[in-house]
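Quick note: the sequence shown uses my numbering, first residue 30, plus one each step. Where is the CB? At the ideal position from N, CA and C, for every residue including glycine. Just so you know, these numbers come straight off a predicted model, no measurement behind them. Presented below is the structure to which this report refers.
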Amino acid sequence: SQGLGKRPMDSDVGGRGNKRNVSCMVDGGDTREVAEEDEVSVVSDDGGDEERTRNANVWPRSGVQAHSYYRKLAIWKNVIRGVGQIFQSAEAFRQMICQFAIANHFTYRFERNCKQRIVVRCQACDCPFYICVRGGKNTKVMYLKDYNGQHKHSVGEMCQMGVWGRRRVRAELLAQLIEGKVRLCLDYSPRDIMLDLELELGIRLTYMQSWRAREFVQMMVLGRPEDHYKLLPWMCAAIVRANLESVALCEVEDSRFQRMFVAYAANINGFKLGCRMMLFVDGCHLSGPYKGTMLAACALDADNHLFNFAYAIVSAESIEDWVWFLQCVAQCRGGLKPVIMSD
Numbered sequence: 030s031q032g033l034g035k036r037p038m039d040s041d042v043g044g045r046g047n048k049r050n051v052s053c054m055v056d057g058g059d060t061r062e063v064a065e066e067d068e069v070s071v072v073s074d075d076g077g078d079e080e081r082t083r084n085a086n087v088w089p090r091s092g093v094q095a096h097s098y099y100r101k102l103a104i105w106k107n108v109i110r111g112v113g114q115i116f117q118s119a120e121a122f123r124q125m126i127c128q129f130a131i132a133n134h135f136t137y138r139f140e141r142n143c144k145q146r147i148v149v150r151c152q153a154c155d156c157p158f159y160i161c162v163r164g165g166k167n168t169k170v171m172y173l174k175d176y177n178g179q180h181k182h183s184v185g186e187m188c189q190m191g192v193w194g195r196r197r198v199r200a201e202l203l204a205q206l207i208e209g210k211v212r213l214c215l216d217y218s219p220r221d222i223m224l225d226l227e228l229e230l231g232i233r234l235t236y237m238q239s240w241r242a243r244e245f246v247q248m249m250v251l252g253r254p255e256d257h258y259k260l261l262p263w264m265c266a267a268i269v270r271a272n273l274e275s276v277a278l279c280e281v282e283d284s285r286f287q288r289m290f291v292a293y294a295a296n297i298n299g300f301k302l303g304c305r306m307m308l309f310v311d312g313c314h315l316s317g318p319y320k321g322t323m324l325a326a327c328a329l330d331a332d333n334h335l336f337n338f339a340y341a342i343v344s345a346e347s348i349e350d351w352v353w354f355l356q357c358v359a360q361c362r363g364g365l366k367p368v369i370m371s372d
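Here it is, written out as structure tokens:
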């Protein structure tokens with residue numbers, strides 16, 4: 030079934046002109062300065078285009094988020110410890126080796142990749158880095174059998190690491206890095222994610238990889254869209270309970286959302302008492318994971334401004350849905366007979 034796709038609300042990141050030193054743990058337990066964070070300001074004119082002014086060593090935008098970001102990288106840097114390490118499953122090892130490669134700025138390839146044996150080598154030619162993980166026939170648990178953590182890269186290969194690395198980076202791992210930033214600003218754009226992660230990690234992501242990572246975090250923050258639809262019958266009932274003059278209908282078939290109609294009491298009374306007896310009806314397509322169409326009825330108030338009367342969410346702009354919508358509108362207008370206009 031099809032329905033409404035939500036767009037997150039705009040959010041701002043405050044502060045201007047602050048600097049913070051961020052430290053993290055490195056090998057041996059020492060603490061070193063990682064970055065000096067300069068403030069990132071967003072300049073907006075009346076036209077609406079935003080221009081980012083960034084320092085070359087800035088990401089993320091707040092000291093708290095920077096600390097969380099570098100703390101994760103410090104943990105990922107040591108997820109692969111050495112021979113004898115136990116992994117709960119082959120998938121758990123694949124996730125850890127990806128984290129390990131991100132934190133240590135290299136990329137890798139699978140020489141062998143199955144449930145019983147996984148062999149990983151560095152993507153660079155003649156690099157001695159090598160990991161061999163073995164598992165049993167009747168268990169998912171795997172252990173690290175052979176390990177050589179040394180790297181040997183030429184200058185040209187170091188420059189190519191960012192291009193190679195994006196082939197192995199998963200949206201779930203990128204989401205862990207950008208989660209704090211997306212929670213602060215739900216409109217954190219994929220292009221900004223590309224710029225920030227290339228600056229900090231040296232990984233040149235594609236636009237689609239950045240977009241998927243952002244969508245993954247937004248799903249963590251806002252919940253799954255299908256879960257939102259489960260609340261619609263309850264929300265319609267709550268609208269009517271709060272104000273008996275409101276009209277809220279939600280049709281569900283076989284536990285699937287079909288369509289809904291909402292007209293608030295304030296809008297109904299405002300149309301009856303202060304608007305011209307004309308209703309303008311139109312529909313628009315919705316973006317989002319389940320698409321759908323919004324049908325709306327508007328009037329003109331005394332100042333010739335549009336006044337919302339009612340709206341509906343339907344699967345498509347079909348004759349059946351239009352008839353159903355107009356029947357619902359007729360129930361709300363009482364004995365009034367306004368002129369209905371459409372394009």
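Rounded to whole angstroms, how far is the Cβ of residue i from the Cβ of residue j, which I believe are closer than 8 Å?
i: Val-112; j: Lys-169; result: 20 Å between Cβ atoms; not a contact.
i: Pro-219; j: Arg-199; result: Not a contact, Cβ separation roughly 16 Å.
i: Leu-308; j: Pro-367; result: 5 Å
i: Cys-361; j: Ile-297; result: 5 Å
i: Phe-122; j: Met-171; result: 6 Å
i: Leu-21; j: Cys-127; result: Beyond the ends of the chain as shown, which are 30 and 372, falls residue 21; an answer cannot be given.
i: Leu-365; j: Lys-301; result: 6 Å
Is it true that the CB of residue j sits closer than 8 Å to the CB of residue i?
i: Val-246; j: Val-276; result: no
i: Ala-339; j: Phe-286; result: no
i: Arg-288; j: Ser-344; result: yes
i: Leu-234; j: Met-223; result: yes
i: Asn-272; j: Ala-294; result: yes
i: Phe-135; j: Cys-151; result: yes
i: Ile-104; j: Phe-129; result: no
i: Asn-133; j: Lys-101; result: no
Take residue i and list the residues in its own chain whose beta-carbon comes closer than 7 Å to its own, dropping the five residues that flank it on each side.
i: Val-269; result: Ser-275, Ala-277
i: Ile-369; result: Leu-308, Val-310
i: Val-281; result: Pro-262, Gln-287
i: Gly-303; result: Asp-330, Ala-331
i: Gly-57; result: Confidence at Gly-57 is low in this model, with a pLDDT of 41, below 50, so the placement of that residue should be treated as unreliable; the coordinate-derived value is given next. Excluding positions up to five away in sequence, the list is empty.
i: His-180; result: Phe-135, Cys-151, Cys-156, Phe-158
i: Gly-252; result: none
i: His-182; result: Ala-153, Cys-156
Closer than 6 Å by C-beta to residue i: which residues in its own chain qualify, once you throw out the five before and the five after it? Chain order, please.
i: Arg-141; result: Val-148
i: Glu-349; result: none
i: Cys-313; result: Met-323
i: Leu-335; result: Cys-327
i: Gly-379; result: Here the chain covers residues 30 to 372 and nothing more, so residue 379 does not appear.
i: Gln-31; result: With a pLDDT of 40 at Gln-31, under the threshold of 50, the predicted position of this residue should be treated as unreliable, and no value is reported.
i: Cys-279; result: Leu-261, Pro-262, Cys-265, Met-289
Which residues in the same chain as residue i place their Cβ atom closer than 8 Å to its Cβ, once the five residues preceding and following it in sequence are excluded?
i: Met-405; result: Residue 405 lies beyond the residue range present for the chain, which begins at 30 and ends at 372; the question has no answer from this structure.
i: Asn-167; result: none
i: Tyr-217; result: Ile-207, Lys-210, Val-211, Arg-243
i: Leu-355; result: Val-310, Ile-369
i: Gly-299; result: Asp-330, Phe-336
- Query: Which runs of the alpha helix (DSSP H), 4 residues or longer, sit entirely within the region 125-181?
  - Reply: If we require 4 residues or more, the region 125-181 turns out to have no alpha helix (DSSP H) run fully inside it.
- Message: Extract the residue ranges of the beta strand (DSSP E) inside the region 225-286, only unbroken runs of 3 or more that lie entirely within it.
- Response: The qualifying runs are 276-282.
- Would you call the region 156-169 and the region 201-215 touching, i.e. three or more CB-CB distances under 8 Å? Here the region 156-169 makes no contact with the region 201-215; the two share fewer than three CB pairs at distances below 8 Å.
- Item | Every unbroken alpha helix (DSSP H) inside the region 304-370 [4 residues or more] | Within the region 304-370, the complete alpha helix (DSSP H) runs of at least 4 residues are 348-361.
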